[in-house]
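Colleague: Residues 12 to 345 in the numbering used here are what the sequence shown spells out, letter by letter. We treat Cβ as the ideally placed atom computed from N, Cα and C, and that holds for glycine.
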Amino acid sequence: MKYAVIDMSSTGVSTVVAEGDRGIFEAVYKDRTNIAITDYFDGRSITRRGIEKLIDALISARSTCKAMNVDECYVVSTAALRHVDNLEEVAEHIRMRTGIVINHLDGNTEAYCDLVSNRKYAAYGDVVLIDIGGGSVELCDLAKSEKSEMLCLDFGPLKLRNKYVADIYPTEDEAKRIKKFLRNKFDESSVPKKGKFRSAVLVGSINDALYACYREYCEKKKLSTEFTYERYKSFIDFLMTSSARTQLIMKVAPEKIPVLPVAALILKELLKRFKLDNIVISDSGVKEGFLTLVATGQETAVAVDLYNPVPEYVPVEAPRKNTANNKKKVNKSK
Numbered sequence: 012m013k014y015a016v017i018d019m020s021s022t023g024v025s026t027v028v029a030e031g032d033r034g035i036f037e038a039v040y041k042d043r044t045n046i047a048i049t050d051y052f053d054g055r056s057i058t059r060r061g062i063e064k065l066i067d068a069l070i071s072a073r074s075t076c077k078a079m080n081v082d083e084c085y086v087v088s089t090a091a092l093r094h095v096d097n098l099e100e101v102a103e104h105i106r107m108r109t110g111i112v113i114n115h116l117d118g119n120t121e122a123y124c125d126l127v128s129n130r131k132y133a134a135y136g137d138v139v140l141i142d143i144g145g146g147s148v149e150l151c152d153l154a155k156s157e158k159s160e161m162l163c164l165d166f167g168p169l170k171l172r173n174k175y176v177a178d179i180y181p182t183e184d185e186a187k188r189i190k191k192f193l194r195n196k197f198d199e200s201s202v203p204k205k206g207k208f209r210s211a212v213l214v215g216s217i218n219d220a221l222y223a224c225y226r227e228y229c230e231k232k233k234l235s236t237e238f239t240y241e242r243y244k245s246f247i248d249f250l251m252t253s254s255a256r257t258q259l260i261m262k263v264a265p266e267k268i269p270v271l272p273v274a275a276l277i278l279k280e281l282l283k284r285f286k287l288d289n290i291v292i293s294d295s296g297v298k299e300g301f302l303t304l305v306a307t308g309q310e311t312a313v314a315v316d317l318y319n320p321v322p323e324y325v326p327v328e329a330p331r332k333n334t335a336n337n338k339k340k341v342n343k344s345k
């Protein structure tokens with residue numbers, strides 16, 4: 012059997028195609044279209060242009076899955092749509108234009124999918140999984156097994172950049188305010204401190220891009236590319252102050268430049284808090300975990316009928332301003 016999961020996140024639409032059965036899969040194809048969906052917000056609603064961008068990316072991903080003869084395909088959304096006021100309207104436009112029904116994941120389910128796809132790392136002992144998404148941060152203790160035990164923090168680099176940063180890179184004062192916010196949030200959310208974990212597993216496309224930039228920095232400085240906290244601190248200094256930082260990011264991960272500087276600060280504060288001995292980069296995340304949960308019957312989801320024609324073109328209308336009744340409907344749907 013061939014399966015696919017298409018993920019609508021805060022920073023893009025990504026696809027994984029995998030072969031296998033009974034919860035054991037091997038990825039055979041991965042792709043990503045980068046879209047910073049918060050750049051298309053009108054207040055807390057996605058604009059008409061933003062909806063069109065999502066639809067274009069989903070149609071392309073759907074076509075790829077069909078061309079690859081995928082047997083079952085699922086579309087999920089994570090933090091990208093979790094707090095959108097016009098969620099019902101966005102979902103309906105997507106359904107009308109693509110035939111896709113979106114499976115919305117709450118924060119705990121998103122974090123649990125990360126855990127399921129990375130359970131093998133539990134063998135390291137005392138492991139925390141860190142997934143920095145554009146709109147949320149997931150933390151999973153790999154010694155835990157229940158969805159309710161996962162931790163999803165309701166902020167990410169896009170939200171913090173919009174709140175604290177006037178430009179792409181935080182100034183020294185802006186960085187201090189971000190760090191203060193993070194430390195307070197970690198304390199309020201009872202994020203563990205030094206002594207709880209010995210190793211970290213970094214998950215997701217933003218962490219992948221951070222690591223790629225870190226490796227490029229190490230090679231530029233003629234250092235080994237082993238991931239250590241002390242060396243990562245010097246990388247952060249480079250990212251915050253060096254005139255060569257943009258050149259490095261543009262060479263390695265140009266599509267992530269809106270999120271990387273703030274994401275780097277989030278990761279630094281987490282690594283500083285945990286005081287870890289070992290840091291590992293994983294290539295599996297939400298999509299792989301969701302696929303396993305659906306295949307084993309632990310989650311139910313609506314599949315995409317890839318072999319029905321895509322509906323005829325219907326222009327996307329400008330998002331309606333929310334009334335009190337509309338907000339009640341959105342809240343009720345959650």
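Leaving out five residues on either side along the sequence, give the residues of the same chain with a beta carbon under 7 Å from the beta carbon of lysine 343.
Modeller: Confidence in lysine 343 is poor, its pLDDT being 44 and thus under 50, which makes the residue's placement unreliable; the coordinate value appears in the next sentence. Here the set comprises nothing.
Colleague: Looking at proline 272 and leucine 250, is the spacing between their C-beta atoms short of 7 Å?
Modeller: Yes, the pair counts as a contact, with Cβ atoms nearer than the cut-off.
Colleague: Give the DSSP-derived three-state secondary structure of phenylalanine 36 in the structure shown.
Modeller: The answer is strand: DSSP assigns phenylalanine 36 an E or B state.
Colleague: Closer than 8 Å is the cut-off here; do at least three beta carbon pairs connect the segment 237-247 with the segment 104-117?
Modeller: No: the two stretches stay apart, fewer than three of their Cβ pairs being nearer than 8 Å.
Colleague: Per DSSP, arginine 43 is paired with what?
Modeller: BP columns for arginine 43 point to Ser25.
Colleague: Taking asparagine 119 as part of the alpha helix (DSSP H), name the residues at either end of that continuous run.
Modeller: That run of the alpha helix (DSSP H) goes 118-127.
Colleague: Under the rule that 16 or more other beta-carbon atoms within 10 Å means buried, what is aspartate 198, buried or exposed?
Modeller: Aspartate 198 comes out exposed.
Colleague: Specify the secondary structure class of leucine 69 as computed by DSSP and reduced to three states.
Modeller: Helix.
Colleague: To the nearest angstrom, report how far apart phenylalanine 166 and cysteine 151 are at their CA atoms.
Modeller: The alpha-carbon atoms of phenylalanine 166 and cysteine 151 are separated by roughly 16 Å.
Colleague: For a test of the three-state rule: what should DSSP assign to valine 101, helix, strand or coil?
Modeller: Note: valine 101 maps to helix in three-state DSSP.
Colleague: Around the C-beta of lysine 340, are 16 or more other C-beta atoms found within 10 angstroms, so that it is buried, or is it exposed?
Modeller: Legend: pLDDT at lysine 340 = 42, less than 50; position of this residue unreliable, no value from coordinates given.
Colleague: How long is the line joining the alpha carbons of proline 307 and aspartate 32, rounded to whole angstroms?
Modeller: Before going on, a small fix: residue 307 reads as threonine here, not proline. So the alpha carbons of these two residues sit roughly 9 Å apart.
Colleague: Starting from alanine 346, trace the alpha helix (DSSP H) in both directions and tell me its first and last residue.
Modeller: Summary: the structure shown does not reach residue 346, with the chain confined to residues 12 through 345, and so no result is reported for it.
Colleague: Assuming isoleucine 217 and isoleucine 143 are in contact, meaning their beta carbons sit under 8 Å apart, how far apart are those beta carbons, in whole angstroms?
Modeller: Indeed, because the Cβ distance is near 5 Å, the residues count as touching under 8 Å.
Colleague: Check whether the segment 14-32 and the segment 74-90 touch, using three or more Cβ-Cβ pairs below 8 Å as the test.
Modeller: Yes, the segment 14-32 touches the segment 74-90.
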